[in-house]
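Same order as they appear, the protein sequences are chains Z and V.
Here our numbering = 1-based position in the first sequence + 56.
Here our numbering = 1-based position in the second sequence + 56.
All C-beta atoms, glycine included, are put in the ideal place defined by N, C-alpha and C.
There are 2 protein chains.
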Amino acid sequence: MVFRSAPSAIGFAVVGKKEGEGPLGSRFDVVCPDPLAGEDTWEQAESRMQQLALDGVFAKAGINAGQVDCVFGGDLLNQCTATSYAVRETSLPFLGLYGACSACAEGQLLAAAAVDAGFAERAASVASSHFCSAERQFRFPLEYGGQRAPTAQWTATAAGAFLFSAHGKPPYAVSALPGRIVDMGVTDMANMGAAMAPAAADTLCRFFRASGLKPADCSAVVTGDLGFVGSELLAELMNEEGFDLADRHFDCGAMLYDRERQDVHAGGSGAGCSAAVTAAHFLPALARGEARRVVFAATGALMSPLRVNQGDTIPAIAHLVCFEG
Amino acid sequence: MVFRSAPSAIGFAVVGKKEGEGPLGSRFDVVCPDPLAGEDTWEQAESRMQQLALDGVFAKAGINAGQVDCVFGGDLLNQCTATSYAVRETSLPFLGLYGACSACAEGQLLAAAAVDAGFAERAASVASSHFCSAERQFRFPLEYGGQRAPTAQWTATAAGAFLFSAHGKPPYAVSALPGRIVDMGVTDMANMGAAMAPAAADTLCRFFRASGLKPADCSAVVTGDLGFVGSELLAELMNEEGFDLADRHFDCGAMLYDRERQDVHAGGSGAGCSAAVTAAHFLPALARGEARRVVFAATGALMSPLRVNQGDTIPAIAHLVCFEG
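What follows is the structure, encoded as structure tokens:
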């Protein structure tokens, strides 16, 4: 998808305490020290962080919610409730998405496309995750104190909102590519990086072939949440296809936490991870002229615990948006 | 959203045994007598029905899957797995949606928009639900034999797929309107019709005001899954706003089952209900010239059982697509 009008993009990131203590801590717009964000439950807290991100991006763009034509958004919770309860407060037209951790790029792709096609003058996207609500839903209650596998990633407590506008300053969304489902037969829910790396490779290879660009033409080739295990696999898979990512590859899951000081095993994950990192790090770098072109592919593992328990493997996907300064 | 190119729409409906025995039984493309559709689990069966619907709509249009540019789809299951496992088999670019029972119209809206904007020559949408997988997830295991409330709706075992093309025969998708979240404070998960009727009224009133059309200008004003309780509320709410739906209103949930003979209490529901009924009944009526304009608003209740148990109310939404012959 080529966005001929190149919609302007702006982001706003809200993160939790642990994420605020990580290497990118000072770049996030808001750090919530309280994991409940003043609410009664972790699920409500996740919605609250999305609201802060949406309000924040509207304020940063100098507009009010009423000037936005629609919101695309999703999260990891069953029935995507973090998003629907957050967007409820805005009274804006809303198109709900489910793409697991790829929701951030899926929302950016659709919001940018809506603006580019002239269906909206301004469209927003939002994505989030919360360590506590995700653990409760996908793994074990926190009180259980379960051991985590070395390949497991840490679900980020974070929300990111983006605003795409027909008129505005750089960076711009110039093109995008929806992902295809790739399933290499992985069944280990504690090794999402391995399940998702082939999907990232599929989307990135298709993007480079269709656009005629090479990794070296990009300031950064960013993946959302492969973590350390998946990032190594991605480099191998891309090499096999003739693309050398070399020093251009950055993974949001590998960047969010300090590998030594904040032991999170295989890195960060969650729809909020790549949302917060792109909003607070990569889009501002493009805006300041420190980067020229950032290709962002957010990966998602589309299984459910139930289907994996029934013997199904983990389908993965990666949606891509290309931003330029 | 006005679709100036008016993408052509075609549908294919796959339903279960009970739906096949209902008043519309003979119109569905496929009736699966086996609730497992030859699979091992209900969740896998739901994916299988989606696959049959996608394959069916491609065959009906005389194309193969490789000629389709992307698929939009969603269902009611956690992590939308009915859709992701079904679409996995197609290798097509996929954008996952969550809109609960509104997923059918949400997918149609986005697929038609993708074609109209020129991002796709052909785009598909798919939606499904399955009584057994939905009961297990949202309510009680079937074996428990729980009593159903008189206001409860029966989740349809059904899948519908749609293909939108830049070139093709009538009917055409001519316009659409994304819904806003409306929450009137309903907390009774056994009365979705009451929770969703205000959302349907909000979208329909906005559509009629924006388009300048009246209900009398339409052959049918169709809602997806308000059932008997919600349909009565909708008529009242629309009357208050000055719109008389009179004999033009049809609800897919009220049409799918025989109210007397197949006691399903307040009618049918589920993302597959409105998908199957529009695919098998309304689009063919437009194609045959028996209807001229059908306004289809599919409603969804965006709560999760967890959030309702935490004391939250039920947010609802209704997405609208207008079809013409």
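So residue i packs on residue j, CB below 8 Å; how close in whole Å?
i: Leu133 (chain V); j: Gln203 (chain V); result: Not really, about 24 Å apart at Cβ, beyond 8 Å.
i: Gly356 (chain V); j: Ser140 (chain V); result: Not confirmed; about 18 Å, so no contact.
i: Glu75 (chain V); j: Thr213 (chain V); result: 6 Å
i: Gly81 (chain Z); j: Gly130 (chain Z); result: Actually they are not in contact, since the Cβ atoms of Gly81 (chain Z) and Gly130 (chain Z) sit about 25 Å apart, beyond 8 Å.
i: Ala347 (chain V); j: Ser267 (chain V); result: So it is not a contact: roughly 17 Å between Cβ atoms.
i: Leu153 (chain Z); j: Gly152 (chain V); result: 6 Å
i: Leu269 (chain Z); j: Ala65 (chain Z); result: Not confirmed; about 19 Å, so no contact.
i: Ala169 (chain Z); j: Ala251 (chain Z); result: 27 Å between Cβ atoms; not a contact.
i: Ala286 (chain Z); j: Ala253 (chain Z); result: In the sequence under discussion, the amino acid at residue 286 (chain Z) is Gly, which differs from the Ala named in the question. Confirmed, about 4 Å.
i: Ser103 (chain V); j: Ala142 (chain V); result: 4 Å
i: Ala374 (chain V); j: Ala255 (chain V); result: 4 Å
i: Arg25 (chain Z); j: Thr243 (chain V); result: There is no way to answer for residue 25 (chain Z), as the model of chain Z reaches only from 57 to 381.
i: Leu293 (chain Z); j: Ala257 (chain Z); result: 4 Å
i: Cys329 (chain Z); j: Gly345 (chain Z); result: Actually they are not in contact, since the Cβ atoms of Cys329 (chain Z) and Gly345 (chain Z) sit about 26 Å apart, beyond 8 Å.
i: Ala291 (chain Z); j: Pro206 (chain Z); result: That pair is no contact at about 19 Å.
i: Glu57 (chain Z); j: Phe59 (chain V); result: Here the sequence assigns Met to residue 57 (chain Z), which means Glu is not the residue at that position. Not quite, the Cβ-Cβ distance comes to about 17 Å (not below 8 Å), so this is no contact.
i: Gln135 (chain V); j: Ser360 (chain Z); result: 4 Å
Mapping DSSP to helix, strand and coil, what is residue i?
i: Gly130 (chain V); result: strand
i: Asp307 (chain Z); result: strand
i: Leu293 (chain V); result: helix
i: Gly81 (chain Z); result: helix
i: Glu75 (chain V); result: helix
i: Gly122 (chain V); result: helix
i: Ala156 (chain Z); result: helix
i: Ala65 (chain V); result: strand
i: Ala302 (chain V); result: helix
i: Arg315 (chain V); result: coil
i: Leu151 (chain Z); result: strand
i: Leu92 (chain Z); result: coil
i: Glu380 (chain Z); result: strand
i: Ala229 (chain V); result: strand
i: Ala176 (chain V); result: coil
i: Ala246 (chain V); result: coil
Looking at the secondary structure, which residues open and close the alpha helix (DSSP H) in which residue i lies?
i: Arg144 (chain Z); result: Thr137 to Arg144
i: Glu162 (chain Z); result: Ala159 to Asp172
i: Phe114 (chain Z); result: Trp98 to Lys116
Give me the residue from the options with the minimum Cα distance to residue i.
i: Gln173 (chain Z); options: Z:Pro197, Z:Cys136, Z:Ser221 and Z:Ala205; result: According to the sequence provided, residue 173 (chain Z) is Ala. The question's Gln does not apply to it. Comparing Cα-Cα distances from Ala173 (chain Z) to each of Z:Pro197, Z:Cys136, Z:Ser221 and Z:Ala205, the minimum goes to Z:Ser221.
i: Glu77 (chain V); options: V:Ala327, V:Arg315 and V:Ala101; result: V:Arg315
i: Leu301 (chain Z); options: Z:Pro206, Z:Ala310, Z:Asp273 and Z:Thr137; result: Z:Asp273
i: Cys160 (chain V); options: V:Gly326, V:Phe175 and V:Met57; result: V:Gly326
i: Gly241 (chain V); options: V:Phe68, V:Met57 and V:Thr369; result: V:Thr369
i: Gly155 (chain Z); options: Z:Val113, Z:Gly235, Z:Gly122 and Z:Trp98; result: Z:Gly235
i: Val171 (chain Z); options: Z:Leu198, Z:His186, Z:Pro206 and Z:Phe218; result: Z:Phe218
i: Ala232 (chain V); options: V:Val71, V:Phe379, V:Glu177 and V:Asp258; result: V:Phe379
i: Ala331 (chain V); options: V:Ala291, V:Val278, V:Gly118 and V:Met245; result: V:Val278
i: Ala190 (chain Z); options: Z:Ala101, Z:Leu312, Z:Asp258 and Z:Arg265; result: Z:Ala101
i: Lys73 (chain Z); options: Z:Ala65, Z:Gly67, Z:Val86 and Z:Gly309; result: Z:Val86
i: Leu376 (chain Z); options: Z:Thr97, Z:Asn120, Z:Gln135 and Z:Ala167; result: Z:Ala167
i: Cys88 (chain Z); options: Z:Ala255, Z:His186 and Z:Arg349; result: Z:His186
i: Ala229 (chain V); options: V:Ala180, V:Thr207 and V:Gly309; result: V:Ala180
i: Trp210 (chain V); options: V:Gly249, V:Ala353 and V:Ala341; result: V:Gly249
i: Tyr313 (chain Z); options: Z:Ala341, Z:Gly112 and Z:Gly283; result: Z:Gly283
i: His337 (chain V); options: V:Met57, V:Pro361, V:Gly67 and V:Ala62; result: V:Gly67
i: Gly367 (chain Z); options: V:Pro91, V:Thr97 and V:Pro79; result: V:Thr97
i: Ala215 (chain V); options: V:Ala115, V:Asp258 and V:Leu110; result: V:Leu110
i: Pro149 (chain V); options: Z:Met311, Z:Asp307, Z:Phe263 and Z:Ala183; result: Z:Phe263
i: Val182 (chain Z); options: Z:Arg265, Z:Gly280 and Z:Gln106; result: Z:Gln106
i: Ala93 (chain Z); options: Z:Arg178, Z:Pro227, Z:Val71 and Z:Ile237; result: Z:Val71
i: Pro271 (chain Z); options: Z:Arg178, Z:Ala246, Z:Asn295 and Z:Ala341; result: Z:Asn295
i: Asn365 (chain V); options: V:Arg195, V:Glu99, V:Ser61 and V:Gly112; result: V:Arg195
i: Ala246 (chain Z); options: Z:Ala115, Z:Asp303 and Z:Gly324; result: Z:Gly324
Need the endpoints of the beta strand (DSSP E) that residue i sits in, please.
i: Ile237 (chain V); result: Unbroken run through Ile237 (chain V): none, as it is neither H nor E.
i: Ile370 (chain V); result: That residue, Ile370 (chain V), is in no beta strand (DSSP E); it is neither H nor E in DSSP.
i: Val86 (chain Z); result: Val86 to Cys88
_Threshold first: 4 residues or longer. Then list the alpha helix (DSSP H) segments lying entirely within the segment 186-227 of chain V, N to C._
187-194
- Query: In the segment 248-289 of chain V, which residue ranges form an unbroken alpha helix (DSSP H) of at least 4 residues, counting only runs that do not cross its ends?
  - Reply: 248-267
**Prompt:** If you scan the segment 318-368 of chain V from start to end, which runs of the beta strand (DSSP E) of 3 or more residues do you find wholly inside it?
**Reply:** 349-357
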